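For my numbering, add 10 to where a residue sits in the sequence shown, where the first one is 1.
A short write-up of the structure that comes next.
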Amino acid sequence: MSARQHGRARQVPPPDDDADRLYTIGELADQLAVTTRAIRFYEAKGLIAPARRGVARSYARRDRARLKLILRGKNLGFTLEEIAQYLMLYDADPTQITQTQMLLARVERAIEDLQEKRADLDRTLRELRDIRGGCIAHLKAKDPSTRSGFKG
């Protein structure tokens, strides 16, 4: 069974990126360590549009590149709407200036958000350590037998 069937992430080295190469949904899923269901979901959302041959999907190099952008965006915390905007700009602007400006603004916001979360985590950890210290001090004062059992 393949990695996508077991639900495990497995990277398979991509074959030569031939400009005319077509991929099956299974090949893309294996190469990008996602499920075929995820690929179909992105297709249903209009983020990728593979060619159809009957019921079979054929993914071109462009589809593969778009899927990689989608996965990277999701991994970085972008919403599907943001990813869709990014892909529209990618298609519309050959200079990629507007796209890059949009990406830069989103990255700046993400950095600010993560820095705020880090500060919140640091503050919470300090408070918890203070509480832990108070608990240990209280227990040591009330029960001398516990003096060696705590990290101070």
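We treat Cβ as the ideally placed atom computed from N, Cα and C, and that holds for glycine.
In this text the structure is predicted, and so the values were computed from the model without any measurement.
My output table needs one value for residue i: the three-state DSSP class, helix, strand or coil.
i    : result
A151 : helix
R62  : strand
R31  : coil
C145 : helix
State yes or no: is the C-beta of residue i nearer than 6 Å to some heavy atom of the ligand SAH?
i    : result
L113 : The ligand content of the structure shown is nil, which means the ligand SAH is not present either.
If we ignore side chains and look at the alpha-carbon of each, how far apart do residue i and residue j end up?
i    : j    : result
I58  : L77  : 7 Å
Q180 : L90  : As displayed, the chain neither begins before 11 nor continues past 162, which places residue 180 out of reach and without an answer.
K150 : L114 : 53 Å
R67  : I93  : 22 Å
D73  : F88  : 19 Å
D30  : A70  : 7 Å
R139 : A43  : 40 Å
A48  : I141 : 44 Å
P60  : L86  : 25 Å
A147 : P154 : 10 Å
Quick one: measure Cβ to Cβ for residue i and residue j, integer angstroms, because I've assumed they're closer than 8 Å.
i   : j    : result
G36 : T45  : Actually they do not touch by this definition, with Cβ atoms about 10 Å apart.
G83 : Y100 : Not a contact, Cβ separation roughly 11 Å.
Which first and last residues belong to the alpha helix (DSSP H) in which residue i is found?
i   : result
Y96 : 90-102
G87 : Unbroken run through G87: none, as it is neither H nor E.
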